[in-house]
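Take a look at the structure set out below.
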Amino acid sequence: MTVQAEAHAAHPPEAHQSSRVDARTLGMFLFIASEVMLFGSFFTAYFFVRVSAHTHWPTAGHELPVFVAGINTIILVSSSFTMHWALQAIKRGNRAGLQAGLTLTFLLGLTFLLTQIREYSRLGFAPYTDAFGTIFYCLTGLHGAHVFVGLTLLLAATIRSYRGHYTADAHWGVEIPGIYWHFVDVMWIVVYTTVYIL
Amino acid sequence: MTAVTHDEVHAGPAPPPTGWRRLLAPGWLRVPWMTALFFGIGAGITVLVRWLEGWDPIWKGSVITTVELTAVPFGFLAGIGGFDYWMRYAAGSPTRPEDHSGHGARSWRDYFRINTDHKVIGIQYLVTTIFFFVAAGLLAMLMRAELARPGMQFVDNQTFNGLFSVHAALMIFLFVIPAFAGIGNYVIPLMIGAPDMAFPRLNALSFWLLPIAGFMMLGSFLAPGGAFASGWTGYAPLASTHQPIGSVFFNMGVQWAGASSIMTALNFLVTIITMRAPGMSFWRMPLLVWANFTTSLLVVIATPFIAGSQFFVMFDHVMHTHFFDYQAGGYPLGYQHIFWFYSHPAVYIMMLPGFGIASEVISVMSRKPIFGYRLMALSLLAILVLGFSVWAHHMFVAGMAPWLRVPMMVTSMVIAVPTGIKVFSWLATLWDGRIHFDTPMLFALGFVSMFVIGGLSGIYLAAVPIDIHTSDTYFVVAHIHYVLFGGSLFTIFAGIYFWFPKMTGRMYDERLGKLHFWLTFIGFNLTFFPMHWLGIQGMPRRVADYVPRFADLNMFISLASFGLGASTLVFVYNMVKSWRFGPAAAANPWRSLTLEWQVSSPPPIFNFDEIPQVVGNPYEYGVPDARHAVFNGDRQVELEEVPTR
Amino acid sequence: MKNPLRSEAEAFRFLLGAAVYFGLIAIAGVINHWAGLAVFVVLSVGVVWWWMRARRIEPPLQATPVRRGAPDERRILVIANRRRSWSSRLRSIRL
Ligand code: HEM
Ligand SMILES: [Cu+2]
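Residue numbers (the working numbering), protein chains in the order written: chain A, 3 to 200; chain B, 234 to 878; chain C, 348 to 442.
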């Protein structure tokens with residue numbers, strides 16, 4: 003057994019890189035694949051309820067705020083643009099751009115979440131009212147939980163950006179939350195079109 | 234993370250804390266108060282929300298329990314130090330390399346800390362899973378005691394239901410699945426020539442989720458009303474309406490175990506894809522690596538479905554939602570569809586790593602190249618794909634759409650083809666080989682023979698008419714034990730004996746190992762084979778009492794099962810004794826070609842002082858001049874005569 | 348075939364694509380259910396077709412091992428035993 007200097011004992015030596023994909027990025031995409039399946043199970047439950055209802059959808063007495071949710075969709079999608087902008091900025095070494103982009107993204111995401119909560123309190127039905135209520139709250143709630151997780155990641159990236167981290171060639175700490183954030187957006191587009199529009 | 238990350242600032246190691254500051258350092262001193270703190274936070278938020286919303290009562294047992302089953306484990310993990318690094322990182326402060334980045338274990342205490350060394354984690358996994366294996370086995374002994382005679386002897390019906398539910402849940406989620414993850418954790422980085430896993434801290438975290446899940450499920454016996462009692466399948470609406478609060482312990486336990494297994498699978502996939510030694514193409518990977526690769530894909534894709542299904546049941550139970558409530562527009566059968574869409578692939582999660590272990594052991598111990606290497610790998614992929622198309626064979630009598638039956642019957646039977654390819658490959662590998670009957674080989678051969686019996690009863694069950702007759706009878710119990718005990722468990726034992734010298738640096742006692750095998754093999758067949766008859770004659774499963782005409786066979790089974798249980802003592806004794814006092818093991822006692830045997834036993838802290846260059850296939854036993862890998866890029870390797878044993 | 352997702356920039360492009368994809372389906376679906384279905388089928392086939400054709404042009408990975416031993420150090424890693432004659436192997440099996 004070779005004697006390792008104590009100071010280095012904590013760091014495994016660098017492994018041979020056998021793939022072009024960066025390990026962290028790959029990890030994030032695989033995690034997203036698993037998240038997509040989690041949404042898949044909720045959508046399965048959604049379609050079971052919807053198909054077995056055999057009636058007009060949404061079932062009688064439920065009005066969904068399609069317009070407000072549409073505005074909310076635009077807010078969320080634009081937050082992806084600011085995210086992308088933040089990353090492009092740091093790639094050129096522009097720290098101010100990174101900070102502004104991340105802050106804006108965070109605020110837009112927060113707006114989305116708060117609007118969503120506000121809508122919940124005005125809907126007039128609850129998760130325990132009937133199966134439609136159940137499935138509506140659980141699907142949008144699951145997405146809300148993901149927005150929350152995304153916001154946490156963004157918050158960390160934002161704090162770090164203000165404390166002088168990240169440079170033009172070392173910014174995976176922004177890239178990984180960015181990927182997750184785009185996933186959260188794509189998922190919302192899917193939820194919005196299926197649950198609210200179609 | 235392995236690479237030196239340029240946007241991280243490392244501080245030097247902190248001085249060891251003294252006095253009351255030790256309460257702040259990650260470890261067991263911080264666990265109690267952190268756990269209490271998180272308990273308080275969970276309860277506080279719940280009460281606050283209920284008070285603001287004006288819900289009555291403000292303190293509601295079922296809600297508090299559910300919240301705490303999430304909050305308390307987080308407190309435990311935070312206390313033991315699972316999040317310190319990430320917290321520092323997120324706040325932008327300098328991270329400390331020794332924040333649970335410890336590698337290697339210097340004393341037994343290091344196994345009770347957060348440790349990021351894949352070798353330490355592998356052993357942590359194996360010891361933990363064997364603990365839960367013994368616990369679940371004791372529950373089985375209780376069941377067999379109750380079933381030895383007709384009528385009610387020791388426990389009442391509800392307790393009996395709890396016994397078999399917890400038994401199965403522990404065996405599946407806390408033994409078979411994580412035991413394979415443990416072996417994989419130890420062996421995979423070594424086999425592919427990597428210094429560690431891709432995400433060592435995530436690896437440490439995923440291990441510590443396991444004891445949480447396990448004690449949650451065991452702890453459900455203490456919950457008011459008793460343990461969860463709707464089987465490991467937890468069918469709704471039974472589980473969501475007519476069950477005591479213990480059923481939430483199962484829902485949440487599955488979530489923790491599932492999260493652990495998803496995180497490990499992610500880690501395996503990233504490690505295998507990005508960290509293979511130079512020259513190790515996919516077609517030069519050992520089959521154990523292939524097996525864990527496919528299994529991890531299954532885990533990543535399928536496990537979220539059981540997470541979903543358990544969330545739905547829990548919401549129905551605690552929040553009174555209506556996923557499975559027909560009256561309010563829910564769809565009761567939906568549970569079974571979603572559950573089995575995970576749980577059929579899960580039976581392959583419980584079997585494919587075993588296929589990998591068997592391939593390693595059989596090839597090494599018969600001194601022959603594995604027969605049909607590529608087909609072995611491809612059949613794994615075929616099982617992966619087909620495994621997602623058969624779930625409804627568990628639902629032939631559930632009242633689902635009748636047109637689904639025949640397609641599911643056909644796909645189920647088609648799965649036997651890739652499985653058969655593997656069995657024939659093992660047989661062809663053995664054919665004409667120079668077979669060494671060491672303990673790992675005995676278990677591997679026991680696996681092949683027993684798994685064939687289980688596979689055959691599987692084909693029977695996949696045929697709709699036979700299934701309608703035998704559904705929910707002891708025939709199914711026989712089937713699942715021939716595949717899970719005779720299949721998964723035998724390969725786990727094969728793997729433990731095979732890699733024991735590598736893991737501990739000591740040799741196990743071969744005579745005790747053989748004794749263990751024969752006791753297990755005979756006890757297993759005496760216990761489970763008669764269940765086929767019981768099932769065909771119509772004895773239902775999951776009952777505490779039965780009609781007297783089944784009495785003789787049941788008495789026989791119970792006696793045999795006690796013998797089977799006792800065989801575990803031999804195993805535990807052998808492991809404990811050999812780990813402490815066994816003779817020192819050579820680096821490569823089995824004369825194997827794969828990389829993990831080319832380093833010392835146990836391996837150096839970072840596995841290889843130099844990354845090997847892979848130049849050939851891993852199973853070229855008996856082929857002159859064949860090499861799997863060389864060090865120093867040196868391709869002129871001398872051929873050394875090895876004495877045949 | 349290529350993996351369309353390897354970085355944030357690609358994820359962002361994926362998001363734009365998804366917005367267009369679902370937007371078109373939603374618009375068509377609101378106008379007429381069957382039109383929505385048709386747009387869905389056409390777009391999905393198009394995406395799959397594009398994906399099957401897409402290729403990345405990249406240089407192969409470099410594959411030299413990292414040396415950590417002494418430069419003149421030479422070690423033997425793997426030894427396979429000799430193949431034995433057919434008859435001696437048969438004898439060993441009948442043991
Ligand atoms: C040739 C391959 C196999 C086929 C065709 C097959 C078929 C089946 C069928 C049709 C059932 C449903 C019986 C019923 O409930 O009426 C069943 C149950 C089961 N099988 Fe298999 N099986 C196969 C292999 C396996 C393997 C490899 C495993 C695990 C390692 C496994 C584990 C189980 C378990 C745990 C159950 C019982 C589930 C429950 O609790 O209801 N099977 N199998
Ligand atoms: Cu199945």
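Here a beta-carbon is modelled for each residue, glycine too, at the ideal position from N, C-alpha and C.
Quick one, are the C-beta atoms of residue i and residue j less than 8 Å apart?
| i | j | result |
| --- | --- | --- |
| Ala-777/B | Met-385/B | yes |
| Ser-599/B | Arg-667/B | yes |
| Gly-756/B | Ser-800/B | yes |
| Phe-114/A | Asn-74/A | yes |
| Leu-585/B | Met-496/B | no |
| Pro-519/B | Pro-250/B | no |
| Val-803/B | Leu-745/B | yes |
| Ala-89/A | Gly-180/A | What sits at residue 89/A in the sequence shown is Leu, not Ala. Their beta carbons are under 8 Å apart, which means Leu-89/A touches Gly-180/A by this criterion. |
| Pro-565/B | Ala-469/B | yes |
| Gly-355/B | Ile-445/B | no |
| Val-68/A | Tyr-198/A | yes |
| Arg-739/B | Ala-820/B | no |
| Phe-309/B | Val-264/B | yes |
| Asn-500/B | Met-430/B | yes |
| Glu-121/A | Val-192/A | no |
Strictly by DSSP, which residues pair up with residue i?
| i | result |
| --- | --- |
| Arg-739/B | Ala-817/B |
| Ala-862/B | Val-847/B |
| Pro-773/B | Thr-706/B |
| Gly-479/B | Ala-460/B |
| Thr-169/A | Ala-172/A |
If contacts are defined as beta-carbon pairs under 8 Å, then residue i and residue j qualify, I think. What distance do you get, rounded to the angstrom?
| i | j | result |
| --- | --- | --- |
| Met-908/B | Val-522/B | Past the edges of chain B, shown from 234 to 878, lies residue 908/B, and the structure says nothing about it. |
| His-749/B | Asn-807/B | 6 Å |
| Leu-608/B | Thr-527/B | Between Thr-527/B and Leu-608/B the Cβ distance is about 14 Å, and since that is not below 8 Å, they are no contact. |
| Ala-727/B | Val-848/B | Between Val-848/B and Ala-727/B the Cβ distance is about 28 Å, and since that is not below 8 Å, they are no contact. |
| Leu-530/B | Ser-493/B | About 17 Å; that fails the 8 Å criterion. |
| Gly-467/B | Val-546/B | 6 Å |
| Gly-314/B | Ile-274/B | Between Ile-274/B and Gly-314/B the Cβ distance is about 19 Å, and since that is not below 8 Å, they are no contact. |
| Ala-540/B | Gly-491/B | 5 Å |
| Ile-92/A | Ala-170/A | 7 Å |
| Val-176/A | Phe-361/C | Contact flag wrong, Cβ pair sits at about 18 Å. |
Please tell me whether, using a cut-off of 7 Å, the distance from the CB of residue i to the nearest non-hydrogen atom of ligand 1 is below it.
| i | result |
| --- | --- |
| Met-267/B | no |
| Val-709/B | yes |
| Asp-742/B | no |
| Met-772/B | no |
| Ser-704/B | yes |
| Leu-694/B | yes |
| Val-716/B | yes |
I'd like to confirm something about residue i: is its beta-carbon nearer than 7 Å to some heavy atom of ligand 2, or not?
| i | result |
| --- | --- |
| His-577/B | yes |
| His-400/B | no |
| Val-580/B | yes |
| His-626/B | yes |
| Val-389/C | no |
| Val-51/A | no |
| Val-533/B | no |
| Val-623/B | yes |
Validate contact between the segment 359–366 of chain B and the segment 403–423 of chain B using beta carbons, cut 8 Å, 3 pairs: yes
Touch test, the segment 546–555 of chain B against the segment 368–384 of chain B, Cβ-Cβ under 8 Å, three pairs minimum: no
Inter-stretch contact (C-beta, 8 Å, three-pair minimum) for the segment 716–724 of chain B and the segment 763–782 of chain B: Result no; under three Cβ-Cβ pairs closer than 8 Å.
contact_flag[the segment 557–576 of chain B, the segment 155–162 of chain A] where n(CB pairs < 8 Å) is 3 or more: Result no; under three Cβ-Cβ pairs closer than 8 Å.
Three CB pairs or more closer than 8 Å across the segment 614–630 of chain B and the segment 680–687 of chain B: no
Segment contact flag, the segment 10–30 of chain A with the segment 509–517 of chain B, C-beta cutoff 8 Å, min 3 pairs: Yes: the two stretches touch, three or more of their Cβ pairs being nearer than 8 Å.
Inter-stretch contact (C-beta, 8 Å, three-pair minimum) for the segment 392–401 of chain B and the segment 450–458 of chain B: yes
At least 3 beta-carbon pairs within less than 8 Å: the segment 129–148 of chain A vs the segment 60–67 of chain A: Yes: at least three Cβ pairs fall under 8 Å.
At least 3 beta-carbon pairs within less than 8 Å: the segment 570–584 of chain B vs the segment 41–53 of chain A: yes
The segment 642–657 of chain B touching the segment 695–711 of chain B, judged by at least three CB pairs closer than 8 Å: yes
Segment contact, 8 Å Cβ cut-off, at least three pairs: the segment 96–106 of chain A with the segment 160–174 of chain A: yes
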